Structures are given as structure tokens and as C-alpha cells.
Amino acid sequence: MKAYRGALLRFNEQQQAVYDNDGLLVVGPDAQGRTVVRAVGDHGSLIDRFAGVAVEDLRGCLIAPGFVDLHVHYPQTDVIGSPADGLLPWLENYTFPHESRFADKVYARGVADFFFDELTRHGVTTALTFSTSHPASVDAAFEAARERGLRFITGKCLQDRHSPDGVRDQTEQSLIDTESLIRRWHGVDRLGYAITPRFAPSCTDAQLRGAGELAAKYPDVWIQSHVAENRDEVRWVAELYPSARSYLSVYGDFGLLRERALYAHCIWFDEQDRALMARTGSAAAISPTSNLFLGSGFFDYAAADAAGMKYGLASDVGGGTSLSPFHTMLAAYYVGREGLSKPGISLAPGRLWWQHTTGAAAALGLEGVVGNLQPGCEADFVVLDPQATPLLARRTQQAASLDELLFAFIVLGDDRAVRRTVIAGQVQP
Ligand code: GUN
Ligand code: ZN
Numbered sequence: 570m571k572a573y574r575g576a577l578l579r580f581n582e583q584q585q586a587v588y589d590n591d592g593l594l595v596v597g598p599d600a601q602g603r604t605v606v607r608a609v610g611d612h613g614s615l616i617d618r619f620a621g622v623a624v625e626d627l628r629g630c631l632i633a634p635g636f637v638d639l640h641v642h643y644p645q646t647d648v649i650g651s652p653a654d655g656l657l658p659w660l661e662n663y664t665f666p667h668e669s670r671f672a673d674k675v676y677a678r679g680v681a682d683f684f685f686d687e688l689t690r691h692g693v694t695t696a697l698t699f700s701t702s703h704p705a706s707v708d709a710a711f712e713a714a715r716e717r718g719l720r721f722i723t724g725k726c727l728q729d730r731h732s733p734d735g736v737r738d739q740t741e742q743s744l745i746d747t748e749s750l751i752r753r754w755h756g757v758d759r760l761g762y763a764i765t766p767r768f769a770p771s772c773t774d775a776q777l778r779g780a781g782e783l784a785a786k787y788p789d790v791w792i793q794s795h796v797a798e799n800r801d802e803v804r805w806v807a808e809l810y811p812s813a814r815s816y817l818s819v820y821g822d823f824g825l826l827r828e829r830a831l832y833a834h835c836i837w838f839d840e841q842d843r844a845l846m847a848r849t850g851s852a853a854a855i856s857p858t859s860n861l862f863l864g865s866g867f868f869d870y871a872a873a874d875a876a877g878m879k880y881g882l883a884s885d886v887g888g889g890t891s892l893s894p895f896h897t898m899l900a901a902y903y904v905g906r907e908g909l910s911k912p913g914i915s916l917a918p919g920r921l922w923w924q925h926t927t928g929a930a931a932a933l934g935l936e937g938v939v940g941n942l943q944p945g946c947e948a949d950f951v952v953l954d955p956q957a958t959p960l961l962a963r964r965t966q967q968a969a970s971l972d973e974l975l976f977a978f979i980v981l982g983d984d985r986a987v988r989r990t991v992i993a994g995q996v997q998p
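Heads up, the sequence shown is in the numbering used here, so the first residue is 570 and it goes up one at a time.
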């Protein structure tokens, strides 16, 4: 066992932030040999119970749950910052040509190593990630994540139409590949598989039907896709599926809405779409830096809450502009103020932080497993330095409340504030 003393942040069952100014986090093996949180709370009340345990002194820093990124494309690491008029030209001109390189496993592994180093350097310890349509890109990512001990989920993109040579796959083979990747990787160490139809316009009916059949056959596998991101895309789906009630209902019609189904964006929804998300237990991966960068629109928090939809935050790199959870939370704050149905929502900092940790884990069906520092959670955490930059130091010194402290990190923080990332009890280099 090992213990860490410092300021501590975690979340209670009411989704509220709990803060110990002088806290103690004790980690150690559970009955299955996983490294988990054994105890957490006020240092003074806990320390006698752990008299023989080595305590590292991190006073002056904030120990917080590792961040959970609900939607990111590791193969788009080198696509960040590619400007375009909107989603569809961005895909055609930058993203698809770049992704064609991931047929080469050695190339894919090089990008995966860089991506995971960056992700952990930014304090992200769990990610639901797209690979490309090439099975080799999935193997490369899983192998790199496994070496790092990460809890990590990815899948092979399904895209058998409206995709150029080099990334377009073949219907039957794509489903065979998906099932063999599920069998090879799902549940190995901390890895999980996600059935990954890229988006409805890139998949034939036969491919979506096959994806839905696999989802029914493997109910604890994840599903990930994109929906209702951009108005041109929504119009295109209406042309392709004239009898569908909405873009989202296309996925429902093929059995792709259920618990553990994560849909990026969810912007151009109506009330029936939101009710369908809530009823099926599907969750939204809100991607605010991407939505601002590509001019896609603003996620409507008030309407999502009214419908009882699950959601959490995501970087959506390379449409998104940063892997930093602080940048994503700040962008979500801006977006929350633009809500379509009820303008002017001001998201509290604890709420934003929850959406990128405990709330994101709940959206994945991994509550109590990652995204929090309650007893039994896997020991993935970050050590944040409130003095990382002169301005952050100055602002955090004057913080008069937890909200002010968290807001200072959200507004002024970046990778410099992440002094250390710990995965399953192991400090990342
Ligand atoms: N829709 C289909 N593919 C993509 C993608 O790679 N990024 C985003 N943002 N939207 C998509
Ligand atoms: Zn995406």
C-alpha cells in the first residue's frame, strides 16, 4: 500500500465535489490484484489506521481523479488545427487522406505511442478513442495502451461507402474484422472494444445492420459514433434515409442505441431525439473545442438535462483543438452560455469537472471503476500544481472557495499544471 497527502478532490453520489484541504489518499491491491483506492478523506482522521504505510507528502498540490475523454481520434493527432469550411470538407480534404496511412501498423504504432504520451501528460487516464478502418490501427493502439496499463477503449471504424480508396472498407470483411478484434481485445487487462460505425452517411444499411447484430451479441462491448454534428451532415442523412424520423433514429432502427453507446456531438437534436437517448441509456460525448473550431454548433445543456440524457466531455481531437481537459472544460463553459433552448446557463466549475471525470465514467457505464477517487475505484489520478505558472499561482493563492480554485485551473490551466499522472498506482514517466 502507498498513501499520498495533499489537497484532495473527488465526487459524492449527488455528483457534488468533495474537497479535503489536508487529505489522505491510500491505494493498494484489492482481492483481484487491481490497484485501487483503499481509503480517502481527511488526513487527521485517517492516518492512525495506516500507521505503517509510506506517505508521500504532496501538500501544496491538488490530487484529483484522472480525466476521462469520451471521444477522441488517436489517428487525428496530426490533423489538429486543419482549417475547413465545415465538417464534410474537413473530412474529405484532411482527415480521410491522413487516416489512409494507418494501414501501416508500424506507422500507426508510432502515432499511438505519441498520442498516449500526450494524453497522460495532459492528465487523461481513460479514453474512448476512434482508430481508423484498418484493423492494424486497432492492434497498434491496444498494444500501446496495454503496455502503459491504461483503461482504454477503441474500435475499427466502419465505413463502407462515401469514403475514398484507402479508408473505405468492405461490408462483410469489416464485420468479420470487428468480431475478431472483439474476441482478441475486449476485456484483456483494462482494455475494451467499441463497435465503431463512423457515421450513418459512411455506412451502408448492411454494415449498420451487422454492427447492430454484433452489439446484440456482445452486450458489454461499447458502441461509438457521430450524430447531428453539422447542418450539412444532417441534411445529407435526411436524403440518404428519407423514411427515418431523424438522424439519431437511423442508429436506433439498427439496434445501435443502448447502454454503453456513446454518440459524439448531439447538437442538432429535437425533443424526441433527446428522449430517445435518455430512454435507451445512450450518452452524448460533448466536444466543445471541436464544435467551435469546425463551426458545428452549440450543445444544448438545458434541453439535455430536461430530457434526462447522460453526457460527458470529450476533446474530439483532431476536430478538437486540444487534448487538455482544462481547455475542453473552458470551451464547455462558453458553449453552456450559448444554449439554444435556454441561453445564459452558467456551468459551475465542479459541474464541468464532474463531466470530465465521474460523469464521463458514468456515461461509459464505468461508475465506481474510474473517474473518481472513492474506495474501490482504480487508482488513476493526477497531481495538479496550483503554482504551475505565475498567473495560476497568483490567482489560486487568492481563491476564496473551492469553486474559485477549480475555476482558476479551468481558465488558466493546461499541461503545465499536471505535475504527475498516475495510472493503476504507477507514475507515468
Ligand atoms: N463525422 C464522421 N467522421 C468524423 C470525424 O472524424 N470527426 C468529426 N468531428 N466528425 C466526424
Ligand atoms: Zn469525432
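By construction, the Cβ of each residue, glycine as well, lies at the ideal position given by its N, Cα and C atoms.
All values derive from a computational prediction rather than experimental measurement.
Specify which residues have a beta carbon nearer than 5 Å to any heavy atom of the ligand ZN, listing them in chain order.
A833, D885
If we count Cβ pairs, one from each stretch, closer than 8 Å, do we get three or more for the region 748 to 762 versus the region 729 to 736?
Short answer: they don't touch.
Of all the options D801, L817, R804, G945, which has the alpha carbon lying nearest to the alpha carbon of T849?
Minimum Cα-Cα distance from T849 among the listed residues D801, L817, R804, G945 corresponds to L817.
If you measure from the CB of S768, is any heavy atom of the ligand GUN nearer than 6 Å?
Strictly speaking, residue 768 in this sequence is Phe, with Ser absent from that position. Correct: F768 has its Cβ closer than 6 Å to the ligand GUN.
Please name the residue in D647, G724, F950, A917 whose C-alpha comes closest to that of A572.
F950
Could you pull the DSSP bridge partners for P634 from this structure?
Per DSSP, the beta-bridge partners of P634 are F950.
Taking 6 Å as the cut-off, is the CB of H795 close to at least one heavy atom of the ligand GUN?
yes
Leaving out five residues before and five after S706 in sequence, what residues of the same chain have Cβ atoms less than 7 Å from its Cβ?
P644, F671, A677, S700
Output the distance between the C-alpha atoms of A962 and F685, rounded to the nearest integer angstrom.
28 Å
Let me confirm a value: A681 is counted as buried when at least 16 other C-beta atoms fall within 10 Å, else exposed. Which label applies?
Burial check for A681: the Cβ neighbour count within 10 Å reaches 16 or more, so the residue is buried.
Can you pull the DSSP bridge partners for E625?
Note: E625 sits in a beta bridge opposite Y573.
Contact under 7 Å by Cβ, L960 with L981:
yes
Alpha carbon to alpha carbon, how far is D983 from G592? Give it in angstroms, no decimals.
24 Å
Just mark E840 as buried or exposed, buried being the case when its beta carbon has 16 or more other beta carbons within 10 Å.
exposed
Rounded to a whole number of angstroms, what is the C-alpha to C-alpha distance between T689 and A900?
If you take the alpha carbons of T689 and A900, they lie about 20 Å apart.
Indicate whether T999 and S884 have their beta-carbon atoms separated by less than 7 Å.
Absent from the structure is residue 999, since the part of the chain shown begins at 570 and ends at 998.
Determine contact between the region 643 to 660 and the region 602 to 610, defined as no fewer than three beta-carbon pairs at a distance below 8 Å.
no
When the distance is taken between beta carbons, is A917 closer than 7 Å to K879?
no
So is S614 buried or exposed if we call it buried at 16+ other beta carbons inside 10 Å?
Exposed.
CB contact flag (A696, V641, <7 Å):
yes
With a threshold of 8 Å, are at least 3 pairs of Cβ atoms found where one atom belongs to the region 776 to 795 and the other to the region 827 to 838?
Yes, since at least three Cβ pairs between the region 776 to 795 and the region 827 to 838 fall closer than 8 Å, the two stretches touch.
Just to confirm, does G888 get its C-beta within under 6 Å of one of the non-hydrogen atoms of the ligand GUN?
With a cutoff of 6 Å, G888 counts as near the ligand GUN, since its C-beta is closer than that to a heavy atom of the ligand.
What is the rounded straight-line gap between the Cα of Q924 and the Cα of Q584?
10 Å
Would you call the CB atoms of V1000 and H834 closer than 7 Å?
Because the chain is modelled from 570 through 998, residue 1000 falls outside the range shown and cannot be assessed.
Determine the burial state of D729: buried for a count of at least 16 other Cβ atoms within 10 Å of its Cβ, exposed for fewer.
buried
Would R579 pass as a contact of L942 if the rule is Cβ separation under 7 Å?
Taking 7 Å as the Cβ cut-off, R579 and L942 qualify as a contacting pair.
Measuring straight from C-alpha to C-alpha, what distance separates K725 and S812?
28 Å
Quick check on the burial criterion: 16 or more other C-beta atoms within 10 angstroms. Buried or exposed for I745?
I745 comes out exposed.
Which residue marks the beginning of the beta strand (DSSP E) containing A854, and which one marks its end?
852 to 855
Once you ignore the five residues that flank L892 on each side, which residues in its own chain have a CB closer than 7 Å to its CB?
E687, L688, H691, V693, S884, V886
Leaving out five residues on either side along the sequence, give the residues of the same chain with a beta carbon under 6 Å from the beta carbon of D611.
For D611, where only same-chain residues beyond five positions count, the Cβ hits under 6 Å are D589.
Taking 7 Å as the cut-off, decide whether the C-beta atoms of I632 and G679 are in contact.
The answer is no: Cβ separation not under 7 Å.
Quick check on the DSSP output: the alpha helix (DSSP H) that includes F976 runs from which residue to which?
971 to 981
Distance, P770 Cα to D801 Cα:
11 Å
CA-to-CA distance, F721 to R715, given in whole angstroms:
8 Å
Is any non-hydrogen atom of the ligand GUN found closer than 6 Å to the C-beta of T604, if you look at the structure I gave you?
Outside the cutoff, so no.
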